[in-house]
Amino acid sequence: MSERDYNTVRNLPLCQLSDPKYLYLLREFAGHMAPPCVAEALMKWLSHL
Numbered sequence: 330m331s332e333r334d335y336n337t338v339r340n341l342p343l344c345q346l347s348d349p350k351y352l353y354l355l356r357e358f359a360g361h362m363a364p365p366c367v368a369e370a371l372m373k374w375l376s377h378l
């Protein structure tokens, strides 16, 4: 994940989290960069979309 992608994900407002253009970045963030508790919550939420 590039620094630009990381900053994009970190600055997303809640209303844009389910936007399909950001789902790949959110999954990558959850899998590689997020703290375990955040990663678990994100992956659980993403699996319901």
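In my numbering, the protein residues as written are 330 to 378.
We put the beta carbon where it would ideally sit given N, CA and C, even for glycine.
All values derive from a computational prediction rather than experimental measurement.
Selection from 368, 352 and 351 that minimises the alpha carbon distance to residue 359: 368
Host alpha helix (DSSP H) of residue 336 (start-end): It spans 332-339 - the alpha helix (DSSP H) in which residue 336 sits, taken as one unbroken run.
Look at the Cβ atom of residue 341, then the Cβ atom of residue 351, and state whether they are nearer than 8 Å. yes
Measure the beta-carbon distance from residue 371 to residue 354 and round it to whole angstroms, keeping in mind my assumption that it falls under 8 Å. Incorrect: roughly 11 Å between the Cβ atoms, too far for contact.
May I have the straight-line CA-CA distance separating residue 377 from residue 349, to the nearest angstrom? 13 Å
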